[in-house]
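Trainee: Supplied in structure tokens, the structure appears directly below.
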Amino acid sequence: MNLPDITAYIEVNPQVRFGKPIVKGTRTTVAEVLEMLANGMIATDIQEEFPALGPEAVRACLLYAAYKESVVLLAA
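Note that my numbering gives residue 28 to position 8 of the sequence shown, counting from 1, and the numbers run on in steps of one.
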């Protein structure tokens, strides 16, 4: 999965959740998915609790976070 693939699952809409990145078609933020994973849930657990979040959407959240972490802004 690469950046264009991520955008098939993740969107930023200023009118939904104050513009935080969310899984498309839901109000679930990327941060919420990452927190679930950090607390020990696996993709199938997340999908059981949130049926709209399939394994690909969970993976897209991880890749989105990795991409955001890899972008370095240089001070002027």
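Beta carbons are placed, not taken as given, at the ideal position from N, Cα and C, and that holds for glycine.
None of the values given here were measured: they were computed from a predicted structure.
How big is the Cα-Cα spacing for residue 34 and residue 41?
Mentor: So the two alpha carbons sit approximately 9 Å from each other.
Trainee: Which of the three DSSP states, helix, strand or coil, is assigned to residue 62?
Mentor: Note: residue 62 maps to coil in three-state DSSP.
Trainee: For residue 43, list the residues DSSP reports as bridge partners.
Mentor: Bridge partners of residue 43: 30.
Trainee: Check each candidate in 24, 25, 49 and 58 and name the one with the smallest Cα separation from residue 32.
Mentor: Ranking the options by Cα distance to residue 32, first place goes to 49.
Trainee: State the start and end residues of the unbroken alpha helix (DSSP H) segment that holds residue 75.
Mentor: 75-90 is the span of the alpha helix (DSSP H), which, as asked, contains residue 75.
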